[in-house]
Amino acid sequence: MGDTGVHEPARRIAVVTTEWPTTEADPGAEALHAERLCVALLEAGWTPEVFCPADEPGPLDDDGILVHRVPRGVPPPGMPLAEGVERILDRSILAAGLRKATNRRELLASTRMKERRRFFERQSEARDLGAAVEERQKEAPFQAAISTEAGLAGLFVPARRSRPHIVRATSAPEAW
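Counting the sequence shown from 1 gives a position; the numbering used here is that position plus 1461.
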């Protein structure tokens, strides 16, 4: 049978990840997995578009895969002040002679503050990634979205009837 002139609709998929090989100085397992997934999708006839945080925002064509580089997350405006309070608290703990606190880093306020800072940065990145996917969805709709639970990447990518959101969970099953 010849070409009947009927065209299949574009099979487009958004891939939301915390890293991509060309956006990281030292890409990790997440970048490798996302790249392999996108190459497999591309070879299967899909058009994957990647959304990831990067130091240099903007679109990038990476061997036929469009990568939307979104600015890295930033902590909330009051974070430096809170970190200063945490450092004062740490000095108070150390001055009080609580030696166990110095031997267990998780007891120090500044250690907890670093974890909170990273959480807020990831949350900011996730919001921006979700907004970028939604903006692109308006221009050219996706049939599906795939994200990872790592780094909260897909937290703000809403599922739709016309675009299911598949979350790839890589952490321990107990954490799900």
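Don't be surprised by glycine CBs; every beta carbon is placed ideally from N, CA and C. As the structure is a prediction and not an experimental result, all values here were calculated from the model.
For R1530, write down the residues that DSSP places opposite it in a beta bridge. C1513 and G1519
Can at least three beta-carbon pairs, one atom from the segment 1492-1511 and one from the segment 1534-1545, be found at a separation below 8 Å? no
7 Å CB neighbourhood of A1587 in its chain, flanking five on each side removed: L1613, A1614, L1616 and F1617
Status (buried if at least 16 other CB within 10 Å, exposed otherwise) for P1514: buried
Taking 8 Å as the threshold, find out whether the segment 1592-1599 comes into contact with the segment 1482-1499 through three or more Cβ pairs. no
With distances taken between CB atoms, is the gap from V1628 to F1512 smaller than 8 Å? no
Reducing DSSP to helix, strand and coil, say where R1578 ends up. helix
Residue from A1611, H1626 and F1581 with nearest C-alpha to F1603: H1626
CB-CB under 8 Å to G1525, same chain, minus the five flanking residues each way: which ones, in chain order? L1503
Quick one: grab the DSSP three-state call for V1628. strand
Express the C-alpha separation of V1531 and I1474 in angstroms, rounding to a whole number. 17 Å
Alpha carbon of A1492 to alpha carbon of L1550, nearest angstrom: 38 Å
Beta strand (DSSP E) segment containing R1622, residue limits: Premise fails: R1622 is in no beta strand (DSSP E) and is neither H nor E.
If you draw a straight line from the C-alpha of V1477 to the C-alpha of I1607, how long is it? 6 Å
Just to confirm, does A1543 get its C-beta within under 7 Å of one of the non-hydrogen atoms of the ligand GDP? The ligand GDP is not among the ligands present in this structure, which contains no ligands whatsoever.
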